[in-house]
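Trainee: Sharing a structure here in structure tokens format.
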Amino acid sequence: SIEPRRDLQLDILVELLERKRMIHIHSYRQDEILMFARVAQEFNLLVGTFQHVMEGYKVADVIAGLGAGGSTFSDWWGYKMEVADAIPFNGALMHNAGVVTSFNSDSDELARHLNTEAAKAVKYGGLSETEAFKFVTLNPAKQLKIDHRTGSLEVGKDADFVIWSTSPLSTFSRAEQ
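Residue numbering for the sequence shown follows this note's numbering, beginning at 994 and increasing consecutively.
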């Protein structure tokens, strides 16, 4: 007999339902986040990270309850309707609620200085420099489930690192090596 034609989209759905595939979901507002969180809870889906998540601070307890991360911008707000309620304290508030938080960039230029973007979690939220720096090092690796290989300087891990003239979170710091 002839086997049924394979449907790759349905294969993916099976992997999601069996928790063999992790979902990273793009969302800005609390209503989007809550809608997907309810779907994830109903179907017991494995959620890696809510991306952009500019209103994550409003529903950080729900995100943390899923075991999901929040990857947001450090201080972008007010540039379009979806971010009308965005605040620069978003990252620190999510972190304080137990969400593994990272700062991301949609810009190749901004990606070049995420170290100083991390400093904004110190300014907006009072995080320690160590915790803020994790927003652009260890925490993204945790969100991608690759922290056993990268994200921090440990024996056996892959790493590129910079020796800075002073704190890497300082705008005055220069890469020495």
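Heads up, the beta-carbon is just placed ideally off N, CA and C, and yes, glycines get one too.
Take every Cβ of the segment 1069-1082, pair it with every Cβ of the segment 1142-1153, and state whether three or more of those distances are shorter than 8 Å.
Mentor: A contact is defined here as three or more CB-CB pairs under 8 Å, and the segment 1069-1082 fails this definition with respect to the segment 1142-1153.
Trainee: Would you mind reading off the limits of the alpha helix (DSSP H) that contains residue 1026?
Mentor: Residue 1026 -> alpha helix (DSSP H) spans 1023-1036.
Trainee: Using CA coordinates, which residue listed in 1100, 1163, 1142 is at the minimum distance from residue 1123?
Mentor: Shortest Cα-Cα distance from residue 1123 to any of 1100, 1163, 1142 involves 1163.
Trainee: For residue 1051, which residues of its own chain have a beta-carbon under 7 Å away from its beta-carbon, when the five flanking residues on both sides are left out?
Mentor: 1023
Trainee: Within a Cβ cutoff of 6 Å, which residues of the same chain sit near residue 1097, ignoring the five residues on either side of it in sequence?
Mentor: 1064
Trainee: What first and last residue would you give for the beta strand (DSSP E) that runs through residue 1126?
Mentor: No beta strand (DSSP E) contains residue 1126, which is instead part of the alpha helix (DSSP H) from 1122-1127.
Trainee: Just the C-alpha distance for residue 1095 and residue 1157, rounded to the nearest angstrom, thanks.
Mentor: 21 Å
Trainee: Can you name, in chain order, every residue of its own chain whose Cβ lies under 8 Å from the Cβ of residue 1020, other than the five neighbours on each side?
Mentor: 1026, 1029, 1043, 1044, 1045, 1046
Trainee: Check whether the Cβ atoms of residue 1118 and residue 1133 sit closer than 8 Å, and answer yes or no.
Mentor: The Cβ-Cβ distance between residue 1118 and residue 1133 does not fall below 8 Å.
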